[in-house]
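Numbering (mature numbering (1 follows the signal peptide of the UniProt record, and there is no 0)), first residue to last: -16 to -1, 1 to 110.
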């Protein structure tokens, strides 16, 4: 039992030990003011992040990194009263609306539902 416990302890210690050298901070700046803030961060592994915000809680910024396949990924975002909205070339996009559905939506928009007066009067009388 003691041998199993020691093996588990050694495996756990080895798994918790960090691999390689940690990435170093090249640039880190923070400017907090009553009317907002700005911050920037740049690491040696190619990760960059910058953001700014105002006194109303609105934040805009971007971050970038190098993907495992070597592609340089850039994501920009805005967070405000309309929610969080991110943009970037690597983000998934929805498929196009099928022609049949688009045609049906256009027909519905061109022919809005109008309640007939007779039906409306009958409902009010009841």
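Idealized CB from N, CA, C, for every residue including glycine. Only a predicted model underlies this, so the values are computations on that prediction, with no experimental measurement involved.
Worksheet item: Expressed to the nearest angstrom, what Euclidean distance is found between the alpha-carbon atoms of residue -16 and residue 3?
Response: As a working mapping, residue -16 is identified with position 1 in the chain shown. As a working mapping, residue 3 is identified with position 19 in the chain shown. Roughly 30 Å separates the two Cα atoms.
Worksheet item: Can you give the beta carbon distance from residue 72 to residue 57, rounded, assuming they're within the 8 Å contact cut?
Response: The residue given as residue 72 occupies position 88 in the chain shown. The residue given as residue 57 occupies position 73 in the chain shown. Residue 72 to residue 57, Cβ: 7 Å. Contact.
Discussion item. Closest to residue 6 by C-alpha separation, out of 96, 33 and 28, would be which residue?
Written reply: The residue you call residue 6 lines up with position 22 of the chain shown. When only C-alpha atoms are compared, the closest one is 28.
Discussion item. Residues in the same chain with beta-carbon distance under 7 Å from residue 69, minus the five sequence neighbours each way, listed in chain order, please.
Written reply: Within the chain shown, residue 69 is the residue found at index 85, counting from 1. So the list reads 61 and 62, once near-sequence residues are dropped.
Worksheet item: Under 8 Å, do residue 21 and residue 37 count as touching if we go by C-beta distance?
Response: Numbered from its first residue, the chain shown carries residue 21 at position 37. Numbered from its first residue, the chain shown carries residue 37 at position 53. Their beta carbons are under 8 Å apart, which means residue 21 touches residue 37 by this criterion.
Discussion item. Whole angstroms are fine: how far does the CA of residue 31 sit from the CA of residue 87?
Written reply: On the chain shown, position 103 is the one that residue 87 refers to. On the chain shown, position 47 is the one that residue 31 refers to. About 45 Å.
Practice prompt. Leaving out five residues on either side along the sequence, give the residues of the same chain with a beta carbon under 8 Å from the beta carbon of residue 55.
Written response: Numbered from 1 along the chain shown, position 71 holds the residue referred to as residue 55. Counting only Cβ-Cβ distances below 8 Å, and skipping sequence neighbours, we find 74.
Practice prompt. Would you mind reading off the limits of the alpha helix (DSSP H) that contains residue 27?
Written response: Locating residue 27 in the chain shown gives position 43, counting from the first residue. Run containing residue 27: none in the alpha helix (DSSP H); it sits in the beta strand (DSSP E), 20 to 27.
Worksheet item: Cβ atoms of residue 10 and residue 26: under 8 Å apart, would you say?
Response: Taking the chain shown and counting its residues from 1, one reaches residue 26 at position 42. Taking the chain shown and counting its residues from 1, one reaches residue 10 at position 26. Closer than 8 Å, so yes.
Item to complete: Return the CA-CA distance between residue 52 and residue 46, expressed in angstroms with no decimal places.
Response: Stepping through the chain shown from its first residue, residue 52 is reached at position 68. Stepping through the chain shown from its first residue, residue 46 is reached at position 62. Roughly 19 Å separates the two Cα atoms.
Item to complete: Quick one: which unbroken beta strand (DSSP E) runs of 3-plus residues sit fully inside the stretch 34 to 64? Chain order, please.
Response: 43 to 50 and 56 to 64
Discussion item. At the level of alpha carbons, what is the spacing between residue 65 and residue 43?
Written reply: Start at 1 with the first residue of the chain shown, and residue 65 comes out as number 81. Start at 1 with the first residue of the chain shown, and residue 43 comes out as number 59. When rounded, the distance between both Cα atoms is 10 Å.
Item to complete: Express the C-alpha separation of residue 98 and residue 92 in angstroms, rounding to a whole number.
Response: Stepping through the chain shown from its first residue, residue 92 is reached at position 108. Stepping through the chain shown from its first residue, residue 98 is reached at position 114. Each residue's Cα considered, the two are about 12 Å apart.
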